[in-house]
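A short worksheet on the structure shown next.
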Amino acid sequence: MASGKEIRTKIKSVKNTQKITRAMEMVAASKMRKAQDRMAASRPYADKMRSVIGHLSQAHPEYRHTFMVEREAKRVGFIIISTDRGLCGGLNTNLFKAGLQALRSWQEQGVEVELVTIGSKASQFFKRFGGKIVAQATHLGDAPKLADLIGLVKVMLDGYDEGRLDRLFLQYNRFVNTMTQQPQNEQLLPIHTDSLEQELQHHWDYIYEPEATEVLDQLLMRYVESLVYQGVVENIACEQAARMVAMKAASDNAGGLISELQLAYNKARQAAITQELSEIVGGAAAV
Amino acid sequence: MAMTMHVDIVSAEAAIFSGTVEMFFAPAVQGEIGVMPRHSPLITQLKPGSVRVVKQGGEEDTFYVSGGMLEIQPHVVTVLADTALRAKDVDEAAAIEAKQRAEQAMKDAQSDIDYARAQSELAEAIAQLQTIQQLRKKAR
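Protein chains in written order, with the numbering used here: chain A, 12 to 298; chain B, 2 to 141.
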């Protein structure tokens, strides 16, 4: 059995680890709340945009933007959103597993795949896997700016415009609640017009300045960008939630370990005292 | 009492303004426009500039937008504001930069960076821990 001093050092080191994990848990909890607020704040923009695009595409059924035209898939693009840091449980692993599955199923059909990664974990993983990464962004921080994403999204949108890509998917974690995050694979392009707002009961149309088509082009680009942005913000909320849960488990485990070690330490101490006593008594009897 | 309409100014990152106003001004691409309640439905692009609202009671508020879209319905006005300056070549430059980052990362050996990052993360966690401890001491 380890001696008293060794156990004491061990207890101390576990306690220090526990302090760190507990601090990280608290930091993650407060960051999660902020990320959730940001998630809620970006929602009205996309909602409003969806309703305007829905209206426009219904009012001008003869005009089909390239983003709305369904083509045969020869090459597909993926935008994969991950975290920058680890220590967040199985969040990234689950996402990458789902991503790989989607990638493989396309590749089996003889379809080439291009990747855009957001977050350093994704770029590391898919580089090792050997995916073709055409653009990437890392270290966006806790409050990402839409401006940081414009370039990335443009790479893919241009690819789609030129006919280099025929589908575009967005892969990110959906925030269900603090305990549950779901890997999500969403189709960005072509935009499903039927998923946009259906009812066109109103019999009026907008006045357009300058042209309806021009306005629609602008809106569609911004719409895709805002969806990607929402994905990023949602993924951050997921990251913080997952980290909070993981760090809580780590703190609890450390607590368990400490109490076990404490028990061993007490036993060792007791044994030492008993032994010493019996030695003294034995010595006295021998005299 | 003057007639009013509802105005929402939203960007992809945040809701900037929401409230009831009497009059509304915005820099549309084809010239500045003023909007009063019961305007006919209109959609237009915005130039960078300031959006001005006259709230109920005559108080004015001004917001800067770096472009975006404006949707007008008789009693609801929505500004879909851009948060970043948008121009064709600026976007192009951002796209090129994103591509270059990917190429750069492909070349770099990642292991040293990972180690350095882990170290900095640890240092950060410790610093946060110390701050929390100090706060606790103060609270006592």
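Backbone N, C-alpha and C fix where the C-beta goes; we use that ideal spot for every residue, glycine too. Computed from a predicted model, the values in this text were never measured in an experiment.
- Taking a Cβ-Cβ cut-off of 7 Å, the neighbours of E98(B) in chain A comprise G162, given in sequence order.
- Taking a Cβ-Cβ cut-off of 7 Å, the neighbours of L230(A) in chain B comprise M70, given in sequence order.
- The beta carbon of A46(A) sits closer than 6 Å to those of I247, A248, Q251, all from its chain and outside the five residues before and after it, given in chain order.
- The Cβ atoms of K156(A) and V11(B) do not sit closer than 8 Å to each other.
- Around the beta carbon of I64(A), 16 or more other beta carbons lie within 10 angstroms, which makes this residue buried.
- F25(B) and G68(B) have their C-alpha atoms spaced approximately 16 Å apart.
- Proximity to V87(A) across Q182(A), E290(A), D153(A), T94(A) peaks at Q182(A), based on C-alpha coordinates.
- Between V30(B) and chain A, the shortest Cβ-Cβ separation is below 8 Å.
- The three-state reading of DSSP puts H66(A) in helix, counting H, G and I together.
- Across the stretch 4-22 of chain B, CB contacts with chain A closer than 9 Å involve D9, V11, S12, A13, E14, A15, A16, S19, in sequence order along the chain.
- At a cut-off of 8 Å between C-beta atoms, E122(B) counts as an interface residue with respect to chain A.
- Judged by DSSP in its simplified three-state form, M4(B) adopts coil rather than helix or strand.
- Residue contact check for D62(B) against chain A: no CB pair falls below 8 Å.
- In this structure, the beta-carbon distance from D92(B) to I161(A) falls below 8 Å.
- Across the structure, T224(A) and M50(A) are spaced so that their CA atoms are roughly 30 Å apart.
- Judged by their CB atoms, I73(B) and A34(A) are not nearer to each other than the 8 Å cut-off.
- Identification of residues in the stretch 124-147 of chain A having a C-beta nearer than 7 Å to some C-beta of chain B yields S134, Q135, K138, I144, V145, A146, Q147, given in sequence order.
- With respect to chain A, the C-beta atom of A27(B) has no partner C-beta closer than 8 Å.
- Where Q229(A) is concerned, the enclosing alpha helix (DSSP H) starts and stops at 223-297.
- Pairing C99(A) with K259(A), the inter-Cα distance amounts to about 11 Å.
- Within the same chain, and ignoring the five residues on either side of L272(A) in sequence, the residues whose Cβ sits closer than 8 Å to its Cβ are I18, K21, I22, V25.
- Collapsing the DSSP output to three states places V38(A) in a helix.
- Within chain B, the C-beta atoms nearer than 8 Å to that of S237(A) come from A13, in chain order.
- Here K16(A) carries a helix assignment [DSSP, helix/strand/coil].
- Between the alpha carbons of F137(A) and I218(A) lies a distance of about 47 Å.
- The continuous beta strand (DSSP E) containing L43(B) extends over residues 43-56.
- The residues D95, G130, S131, S134, in chain order, have a CB closer than 7 Å to that of T149(A) in the same chain once the five nearest residues on each side in sequence are set aside.
- Residues of the same chain with a CB within less than 7 Å of the CB of V166(A), apart from the 5 flanking positions on each side, are V127, V145, A146 in chain order.
- Per DSSP, the unbroken beta strand (DSSP E) holding S19(B) starts and ends at 16-29.
- Taking the Cα positions, R53(B) is about 36 Å away from E73(A).
- In this structure, L230(A) is the residue among G152(A), L230(A), A39(A) with its C-alpha nearest to the C-alpha of H66(A).
- By DSSP's assignment, D9(B) forms a beta bridge with S19(B), T79(B).
- Taking CB atoms only, L43(B) has a neighbour in chain A less than 8 Å away.
- Identification of chain A residues near L47(B) by a Cβ-Cβ cut-off of 7 Å yields none; the smallest Cβ-Cβ distance measures about 10 Å.
- Apart from the 5 residues on each side of it in sequence, L199(A) sits with its Cβ closer than 7 Å to the Cβ of L179, F180, L181, V235, L238 in its chain, given in chain order.
- Secondary structure at L163(A): helix, using DSSP grouped into helix, strand and coil.
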